[in-house]
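Participant:
Protein chains: 2
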Amino acid sequence: MRVKTLCLGALCLGDATGYDIKKLFEAAFNHFHGASFGSIYPSLKQLEQEELVDLHVEAGEKHPDRKLYKVTDSGRSAFIEELAQTPASEQLSSDFLVLLFFAHLLPTDVLRQKLAEIETYYCHELEYLESLSGCPRHTTGIDFTIGMGKAALRTKLAYLREQRDQLLATHLQLPDAARDEMLHADCQQESTA
Amino acid sequence: MRVKTLCLGALCLGDATGYDIKKLFEAAFNHFHGASFGSIYPSLKQLEQEELVDLHVEAGEKHPDRKLYKVTDSGRSAFIEELAQTPASEQLSSDFLVLLFFAHLLPTDVLRQKLAEIETYYCHELEYLESLSGCPRHTTGIDFTIGMGKAALRTKLAYLREQRDQLLATHLQLPDAARDEMLHADCQQESTA
DNA sequence: TCGATATATATCACACTGATATATATCCGT
DNA sequence: ACGGATATATATCAGTGTGATATATATCGA
Chain A
149 MRVKTLCLGA LCLGDATGYD IKKLFEAAFN HFHGASFGSI YPSLKQLEQE
199 ELVDLHVEAG EKHPDRKLYK VTDSGRSAFI EELAQTPASE QLSSDFLVLL
249 FFAHLLPTDV LRQKLAEIET YYCHELEYLE SLSGCPRHTT GIDFTIGMGK
299 AALRTKLAYL REQRDQLLAT HLQLPDAARD EMLHADCQQE STA
Chain B
149 MRVKTLCLGA LCLGDATGYD IKKLFEAAFN HFHGASFGSI YPSLKQLEQE
199 ELVDLHVEAG EKHPDRKLYK VTDSGRSAFI EELAQTPASE QLSSDFLVLL
249 FFAHLLPTDV LRQKLAEIET YYCHELEYLE SLSGCPRHTT GIDFTIGMGK
299 AALRTKLAYL REQRDQLLAT HLQLPDAARD EMLHADCQQE STA
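Line order of the protein sequences matches chains A and B. Throughout, our numbering is defined as the position within the first sequence, counted from one, plus 148. Throughout, our numbering is defined as the position within the second sequence, counted from one, plus 148.
#1: Does the contact criterion of 3 or more C-beta pairs under 8 Å hold for the segment 286-303 of chain A versus the segment 184-196 of chain A?
#2: Say whether chain B places a C-beta atom closer than 8 Å to the C-beta of residue 246 (chain A).
#3: Which residues in chain B sit within 9 Å of residue 229 (chain A), going by Cβ to Cβ distance?
#4: Is DSSP giving residue 214 (chain A) helix, strand or coil here?
#5: If we ignore side chains and look at the alpha-carbon of each, how far apart do residue 334 (chain B) and residue 165 (chain A) end up?
#6: Restricting to Cα atoms, I'd like to know which of A:261, A:169 and A:228 is closest to residue 217 (chain A).
#7: Runs of 3 residues minimum, wholly inside the segment 156-244 of chain B: which ones carry the beta strand (DSSP E) assignment?
#8: Let me know the secondary structure DSSP gives residue 268 (chain B) once reduced to three states.
#9: When you check each C-beta in the segment 297-319 of chain B against every C-beta of chain A, which residues fall closer than 7 Å?
#10: For a quick check, are the C-beta atoms of residue 231 (chain B) and residue 305 (chain A) less than 8 Å apart?
#11: State yes or no: is the C-beta of residue 235 (chain B) within less than 8 Å of the C-beta of residue 243 (chain A)?
#12: Hey, residue 296 (chain A) and residue 245 (chain B) are a contact pair by Cβ (cut 8 Å); roughly how many whole angstroms apart?
#13: Enumerate in chain order the residues of its own chain whose CB-to-CB distance from residue 319 (chain A) is below 7 Å, with the five nearest sequence positions on each side excluded.
#14: Using the Cα positions of residue 261 (chain B) and residue 197 (chain B), report the straight-line distance between them to the nearest angstrom.
#15: Below 8 Å CB to CB, which residues in the same chain sit around residue 225 (chain A) once its five sequence neighbours on both sides are set aside?
#16: Taking CB distances under 8 Å as the criterion, tell me whether residue 295 (chain B) reaches chain A.
#17: Measuring alpha carbon to alpha carbon, tell me which of A:248, A:229, A:188 and A:200 ends up nearest residue 223 (chain A).
#18: For residue 338 (chain B), name the three-state secondary structure that DSSP assigns.
#19: Tell me which residues share the same chain as residue 294 (chain A) and place their Cβ nearer than 8 Å to its Cβ, disregarding the 5 neighbours each side in the sequence.
#20: Got a sec: which bits of the segment 165-190 of chain A sit with their beta carbon under 7 Å from any beta carbon on chain B, in order along the chain?
#21: Taking residue 223 (chain B) as the query, report the chain A residues whose CB atoms sit under 7 Å from its CB, ordered along the chain.
#22: For residue 149 (chain A), name the three-state secondary structure that DSSP assigns.
#23: Shorter than 8 Å from the beta carbon of residue 216 (chain A) to some beta carbon of chain B?
#24: Express the C-alpha separation of residue 188 (chain A) and residue 158 (chain A) in angstroms, rounding to a whole number.
#25: If we define contact as Cβ-Cβ less than 8 Å, is residue 201 (chain B) a contact residue for chain A?
#26: Along the chain, where does the alpha helix (DSSP H) containing residue 316 (chain A) start, and where does it finish?
#27: Helix, strand or coil: how does DSSP classify residue 285 (chain B) here?
#28: What in chain A is Cβ-close to residue 207 (chain B), meaning under 9 Å?
#29: Return yes when the Cβ of residue 292 (chain A) is within less than 8 Å of the Cβ of residue 311 (chain B), no when it is not.
#30: Looking at the C-beta of residue 154 (chain B), does it have a partner C-beta in chain A at a distance below 8 Å?
#31: Would a check of beta-carbon distances place residue 193 (chain A) closer than 8 Å to chain B?
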């Protein structure tokens, strides 16, 4: 999904500046979709050119150049239509799992440190999602996103804690010679791709 | 993590062409990191210029221009060093959860269709990871990545199936007026960001 | 024999990130 | 009251990656 579409969606929740939209994404979207200023501001510019949003510049007073955007009727329709046409997919990008994939090439204490790092990361994410839970202003859909995020994090955290000791014990016993024995991962038995 | 680094890592498992690396990524990495030809081929070119890999062109016979890459000693060291310095992080990008976040703007049957789509997607992913399990050539680290992927998918699938009926029932009862009542998600009570 | 699929590389427009630059305002400690 | 940190607010850009497209040959099955 394009950042342009996300911005349009954010504006369907209420008028906002680019900065407001960034804050909204950080507060509510961060665990399932990122967006930076470098994509938000150009997106808003384009949306305005396409007349999907109106722009009201608040100049003179205090902050110069505060640009408040408001979605138009055609913008709202365009967003809903685009949502309906967006396939329901997802993609994980995990440096942590890449690290684990190549764990046999790392010293054991580095591996231990990476496991500790991701545990901290998962804990913080989980605490944050727990702090969001139970707000009466949330729609059922928003609660669903938070609930699924929490469920997935709890599972990953539990898996990490269950497997860690065994993983590190095996890793310590790994002879250096085994590192030269590593081959292509051609183990798939022509199954469903 | 850069695709360049991933390519170097792939070559630490054995000599390969760009095409082989793409296949390896699809078979083993797909559930936690993507990479396309458009990034793999330029990465290999760069790696060769930096002398982290050697290139052996197999021309003349049958396929012209088959470029087989082999990691050098300095390439192997560079990869291990870069791995050790890579922070253990991860980032989800989920169009599905964006869809759910804005579920109140969608017709109920479209929402139902999106839930069905993601269920199918999760099931296929899970079946694939199950087909990879138990290969004796896998390192402990590789088994860990597969195991965590399976655990997370099972949890998400269970959550989806548990919540779906309730979600759709609430959605059906949602009056159109409620769609104009939606506000900014300012519900966070200044907790750990 | 013909179409589909697999092998194999290359390129490019478009999109996004992460860093950087530029200001002002406000809050807090000393 | 001063100064530093943080927050508000926009803009730009080099570097990186995607997804599509182009180009060939080989192989497999109907």
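Think of the CB as a built atom: it goes at the ideal place given N, C-alpha and C, for glycine as much as any other residue.
Facilitator: The relevant details are as follows:
#1: Contact fails: fewer than three Cβ-Cβ distances are below 8 Å.
#2: By this cut-off, residue 246 (chain A) is an interface position.
#3: What residue 229 (chain A) touches in chain B: nothing, since even the nearest Cβ is about 10 Å away.
#4: In the three-state scheme derived from DSSP, where H, G and I count as helix and E and B as strand, residue 214 (chain A) is classed as strand.
#5: Its pLDDT being 39, under 50, residue 334 (chain B) is placed unreliably by the model, and the measurement read from it follows with that caveat. Going by the C-alpha atoms only, they are around 15 Å apart.
#6: Of A:261, A:169 and A:228, the residue nearest in Cα terms is A:169.
#7: If only uninterrupted beta strand (DSSP E) runs of at least 3 residues are considered, those enclosed by the segment 156-244 of chain B are 201-206, 214-219 and 238-242.
#8: Residue state for residue 268 (chain B) is assigned as helix, using DSSP reduced to three classes.
#9: Here the close residues are 299, 300, 303, 304, 307, 311, 315, 318 and 319.
#10: No, the pair does not count as a contact, with Cβ atoms beyond the cut-off.
#11: Going by C-beta atoms, residue 235 (chain B) is nearer than 8 Å to residue 243 (chain A).
#12: Your pair residue 296 (chain A) and residue 245 (chain B) checks out as a contact, with CB atoms roughly 7 Å apart and the cut at 8 Å.
#13: Closer than 7 Å at Cβ, skipping near neighbours: 251, 256 and 259.
#14: The alpha-carbon atoms of residue 261 (chain B) and residue 197 (chain B) are separated by roughly 49 Å.
#15: Only residues of its own chain outside the window of five on either side were considered, and among them none has a CB closer than 8 Å to the CB of residue 225 (chain A).
#16: Taking Cβ atoms only, chain A reaches closer than 8 Å to residue 295 (chain B), which makes this a yes.
#17: Checked all of A:248, A:229, A:188 and A:200; the closest Cα to residue 223 (chain A) is A:200.
#18: For residue 338 (chain B), the predicted structure reports a pLDDT of 35, less than 50, and the residue's modelled location is therefore unreliable. A value from the coordinates is still provided. Annotated three-state conformation of residue 338 (chain B) is coil, per DSSP.
#19: Counting only Cβ-Cβ distances below 8 Å, and skipping sequence neighbours, we find 277, 280, 281 and 286.
#20: The residues in question are 172, 175, 176, 179, 180, 181 and 182.
#21: Here the premise fails: no neighbours, minimum Cβ distance about 12 Å.
#22: DSSP places residue 149 (chain A) in coil when its eight states are reduced to three.
#23: Using a CB distance cut-off of 8 Å, residue 216 (chain A) does not count as an interface residue toward chain B.
#24: Using only the alpha carbons, I get a separation of about 11 Å.
#25: Between residue 201 (chain B) and chain A, the shortest Cβ-Cβ separation is not below 8 Å.
#26: Run containing residue 316 (chain A): 288-321, per the alpha helix (DSSP H) assignment.
#27: Assigned with DSSP and collapsed to three states, residue 285 (chain B) falls in coil, not helix or strand.
#28: Near residue 207 (chain B) there are no residues of chain A at all, since even the closest Cβ is about 24 Å away, more than 9 Å.
#29: Going by C-beta atoms, residue 311 (chain B) is nearer than 8 Å to residue 292 (chain A).
#30: Nearest CB-CB separation between residue 154 (chain B) and chain A: below the 8 Å threshold.
#31: False, the Cβ-Cβ gap to chain B never drops below 8 Å.
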